[in-house]
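Asks: Chains as they are written, first to last, in the working numbering: chain A, 612 to 961; chain B, 94 to 283. From the three backbone atoms N, C-alpha and C, an ideal C-beta is built for every residue, glycine too. Please read through the structure below; I'll follow up with questions.
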Amino acid sequence: MFRLTNHPSLCLLAFLPVLSFGGCISIKVQGTSGRQLKKASLASPLIRLSDDFYPGDKPVTTGGIVDSLPDAKVAALQKDFGRVLAGLLRVHTAFKKFLDAEMGVTTGSPSGLSVELARENQSTAEVRTDNTIYIDLGVLQAFFKTGIVDMSKKSGFKAARAPGDAPPSSSDDAAVQEFLEFKRKLRKTKGHTVLGELISGGDAWFEHVDMNEAMNTATSRYYGVVLFTLAHEMGHKSLNHLGETCDPNNCKGFADRELAADRYATALLSAAIPDLGMFNFNDNADQLRGYEPFFQLGYKLARFGGISSCSCAYPAPEDRLKLARAEKNAATERLFKDGYIKLQMMPAKK
Amino acid sequence: MKSAMGATLNSIRRLLALSLALGGLFPCDGASKTIKIDVKYRRPGSGIGGGSYTGLVFAPEDDRRVNTCAIVKAVGALPAGFTAIPENGLDPKTPYKTDYYRVESTVLSDYNQRNPDLRLPPGPLYGVTYEISYEVKKGFILFQVRSKLHTSGRESVQWHEYLRKNDDTFFSRKLVEAIERQIGECAKSR
């Protein structure tokens, strides 16, 4: 027999109209619902990329499906990258004076650059003399993995592997496998409206909060790597490196240019995503500046071999990371000193 | 007048019949096929990390030099040469004709082995002329080669176009492969 008292939330619901009409309680239904959180998580670029690289959430294969990715998908991805690049070009224009002072040279305009996703099957992420930044689809897949693997090393996606499934052989494949499990779980977990949550009870909302947070964290790493890569290539153009040929007898010159491009990228992204110190409540901002996930993970996952096509060695990733961290501090100091960042205290309530 | 007309018509008919008969013995093949090949290349660049790229790399200002070098070296290795070549190198999208390349006996044997139904009978000399052009597109260079087979008597200095059916892609493919081999070296050299 159905007893109302066995369902406390229904009890409340039954009385709500009475209480409201009586003017005793006015209820405002607000806040982010589980349904909204679920929708936001599913719209994440990482979910969309995993649909492209691992359609049907199939078991991970080494390399994914880079070669068979349809042209229309590549074009859509390329359009996204174009938008990101356009945003960075605007940042350069807005902060040109700051960049000139920070780099110690008059930076050139990187406008006219475009980005193309290539199917060269090479570890390619470079700007060429035809004013195009080429990023190989294999490298893009590695950037996608960077977000996933970094999460996996920290808290993971808290999704259980199905019993009986053998773990994948390599650690980054294992992380992607776990992410695909998480994605399946995300799709299955019900997303209610705020009122629905009141009625249904349960922990679904909390699960969605956790999942949404995990998606945001992983997404910040992915975008960070993308932003840093694009900003680094912009740096080569802006610092007029394209006019210089790599000379195997002058590898120091080559290394200096790479470090300068790293500094430019860090300075640009420090201006775009400033470090607000103790007011920086969002740790993901740090990741969005990109040098952390790029040099810690993305570099290796993209299989950058460390030797350029002219036989000069790139500086070691750990040295580049040290320089980028130092540059972020220097750039932040200048941004504050020159008034680009102002912290306003909240006025006291009267 | 009627008989003159009739005689003329008969002559035309006889001429037509003779042409058809000769055509049966020496069927005309029409225009030879163009062999095309795409050779991938990329422009020099500055990257964020090292890759192991081993392909063709050259700057836009080297387009003319690299492609001219590859074509001239490939043709020279036949051996053959160009009837005329501009001083500053070959222009893109422009067909250039070579002079006659005399087909060696080894190449002739290879041809006959691959084309048993279109064998070139021994005895006469065989020569090939080529028409070559290149075009630099984004990401690849398009080479187009067409060849024409000629024949000559051993004591003769005159080449005649070989009118029997023949494999009109055999010699073109050989030259295209030779160009592909040369272009890597030409891109590296200064």
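Within the continuous beta strand (DSSP E) that includes V238/B, where are the two ends?
Replies: Per DSSP, V238/B is one residue of the beta strand (DSSP E) stretching across F233 to S245.
Asks: Using a Cβ cut-off of 7 Å (strictly closer), state whether I141/B contacts chain A.
Replies: yes
Asks: What span of residues does the beta strand (DSSP E) with V702/A cover, start to end?
Replies: Careful: V702/A lies outside any beta strand (DSSP E), inside the alpha helix (DSSP H) at D682 to A705.
Asks: List the whole-angstrom C-beta distance separating L887/A from L954/A, where the pair is believed to meet the contact cut-off of C-beta under 8 Å.
Replies: 7 Å
Asks: Could you confirm whether any beta carbon from chain A is found closer than 7 Å to the beta carbon of P137/B?
Replies: So, interface residue.
Asks: Evaluate V238/B with the Cβ neighbour count: other Cβ atoms within 10 Å of its Cβ, from every protein chain shown; 16 or more gives buried, anything less gives exposed.
Replies: Residue burial annotation: V238/B is buried, with at least 16 other C-beta atoms found within 10 angstroms of its C-beta.
Asks: Helix, strand or coil, according to DSSP, for S780/A in the structure here?
Replies: The pLDDT assigned to S780/A is 44, lower than 50, so where the model puts this residue is not dependable; a value taken from the coordinates is nonetheless given after this. DSSP places S780/A in coil when its eight states are reduced to three.
Asks: Taking A896/A as the reference, give the member of D949/A, K933/A and A829/A with the closest Cα.
Replies: A829/A
Asks: For H703/A, decide whether its Cβ has a neighbour in chain B, counting only Cβ atoms nearer than 7 Å.
Replies: So no, H703/A is outside the interface.
Asks: With DSSP as the reference, identify every bridge partner of H253/B, one or two as the case may be.
Replies: According to DSSP, residue pairing for H253/B in a beta bridge involves T244/B.
Asks: Here's a check: name, in chain order, each residue in its chain whose Cβ is nearer than 8 Å to the Cβ of A866/A, leaving out the five neighbours to either side.
Replies: C923, A924, Y925 and P926
Asks: Name the DSSP bridge partner or partners of G854/A?
Replies: DSSP lists no partner for G854/A.
Asks: Which chain A residues sit within Cβ distance under 8 Å of G150/B?
Replies: Contrary to the premise, residue 150/B reads as Val rather than Gly in this sequence. Per Cβ cutoff of 8 Å: S920.
Asks: Around the C-beta of L649/A, are 16 or more other C-beta atoms found within 10 angstroms, so that it is buried, or is it exposed?
Replies: According to the sequence as given, residue 649/A is Lys; it is not Leu. By the Cβ-count criterion, K649/A is buried, with 16 or more other Cβ atoms from all chains shown falling within 10 Å of its own Cβ.
Asks: Since G143/B and G917/A should fall inside the 8 Å C-beta cutoff, what is the C-beta to C-beta distance between them, to a whole number of angstroms?
Replies: Your pair G143/B and G917/A checks out as a contact, with CB atoms roughly 5 Å apart and the cut at 8 Å.
Asks: Give the DSSP-derived three-state secondary structure of E278/B in the structure shown.
Replies: helix
Asks: Is Q733/A close to chain B? Criterion is C-beta to C-beta, closer than 7 Å.
Replies: Chain B, which has a Cβ nearer than 7 Å to the Cβ of Q733/A, makes this yes.
Asks: Taking the C-alpha atoms as reference points, what is the distance between G633/A and D894/A?
Replies: With a pLDDT of only 44 at G633/A, under the threshold of 50, the placement of this residue in the model should not be trusted, and no figure is reported.
Asks: Y910/A versus chain B: which residues are under 7 Å apart at the beta carbon?
Replies: By Cβ distance, chain B contributes G142.
Asks: So which residues of chain B does H852/A contact, with C-beta pairs closer than 9 Å?
Replies: At a beta-carbon threshold of 9 Å, the residues of chain B lying near H852/A are S139, ordered along the chain.
Asks: Chain B beta carbons: is any one of them nearer than 7 Å to that of D741/A?
Replies: yes
Asks: Using the DSSP secondary-structure output, state which residues sit across from L728/A in a beta bridge.
Replies: I746/A
Asks: Using a Cβ-Cβ cutoff of 8 Å, what residues of the segment 172 to 196 of chain B are near chain A? List them in chain order.
Replies: Of all residues in the segment 172 to 196 of chain B, none has a Cβ within less than 8 Å of some Cβ in chain A.
Asks: Which whole-angstrom value describes the C-beta separation of L699/A and A842/A, a residue pair presumed to lie in contact below a C-beta threshold of 8 Å?
Replies: Between A842/A and L699/A the Cβ distance is about 6 Å, and since that is below 8 Å, they are a contact.
Asks: Take the Cβ of P885/A as the centre, count every other Cβ of all protein chains shown within 10 Å, and call the residue buried at 16 or more, exposed below.
Replies: buried
Asks: Taking only beta-carbon positions, decide if G916/A is within less than 7 Å of chain B.
Replies: yes
Asks: Below 8 Å on the Cβ atoms is my contact criterion, and I expect L201/B with Y219/B to pass it. Report the Cβ-Cβ distance as a whole number of Å.
Replies: Beta-carbon to beta-carbon, L201/B and Y219/B are separated by about 6 Å, close enough to satisfy the 8 Å threshold.
Asks: Would you check if there are 3 or more beta carbon pairs closer than 8 Å linking the segment 172 to 183 of chain B to the segment 192 to 209 of chain B?
Replies: yes
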